Amino acid sequence: QVQLVESGGGLVQAGGSLKLSCTASGRITSINFMGWYRQAPGKQRELVAGIRSGGDINYADSVKGRFTISRDNAKNTEYLQMNSLKPEDTAVYYCYIIADGYQWWGQGTQVTVTP
1291 QVQLVESGGG LVQAGGSLKL SCTASGRITS INFMGWYRQA PGKQRELVAG IRSGGDINYA
1351 DSVKGRFTIS RDNAKNTEYL QMNSLKPEDT AVYYCYIIAD GYQWWGQGTQ VTVTP
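What follows is the structure, given as structure tokens:
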């Protein structure tokens, strides 16, 4: 079993910054992919950013230039630095990993951006 623990969400004004963290624990041999999804009320869950074990990174067009994903392999931890936040970034953010062929989700953390 793998557990994902997220932290770093909260309330921030437009233009502000937040940094999300997600640490994976449990029986893990190799994490092939780490990513962040988000889901706003009434909308589908969408991929915000992802980083593969080889270092390839992709971002949703809506966050390019504002968000930065990174990972610390030694700690099985990923981060999402979010700058220049906009009200439309308001959502529940979920940590997601693919480890040893299985998919795992975090519990979600709320990010609210006020105008």
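Just so you know, we're using the numbering used here here: the sequence shown kicks off at 1291 and counts up by one.
For glycine and all other residues, C-beta sits at the position ideal for the given N, C-alpha and C.
Predicted, not measured: the structure shown is a model, and the values here were computed from it.
Based on DSSP bridge pairs, tell me the residues matched to ASN1348.
Answer by DSSP bridge pairing, in chain order: GLY1340.
Is GLU1368 near MET1324, with beta carbons less than 8 Å apart?
Yes.
Buried or exposed: ARG1317, going by 16 or more other Cβ atoms within 10 Å of its Cβ?
Exposed.
Indicate whether ARG1356 and SER1343 have their beta-carbon atoms separated by less than 8 Å.
Result no, Cβ atoms of ARG1356 and SER1343 do not sit closer than 8 Å.
Please determine if the stretch 1330-1343 and the stretch 1292-1300 are in contact, where contact requires at least 3 C-beta pairs separated by less than 8 Å.
Too few Cβ pairs lie closer than 8 Å, so no.
So what does DSSP say about ALA1364, is it helix, strand or coil?
Looking at ALA1364 - three-state DSSP - the assignment turns out to be helix.
So which of LYS1376, THR1399 and GLY1305 has the shortest CA-CA distance to TYR1386?
If we check each option's Cα against that of TYR1386, THR1399 comes out closest.
Do you know how far the Cα of SER1320 is from the Cα of ALA1389?
About 6 Å.
Which word fits LEU1337, buried or exposed, when buried means at least 16 other C-beta atoms lie within 10 angstroms of its C-beta?
Label assigned to LEU1337: exposed.
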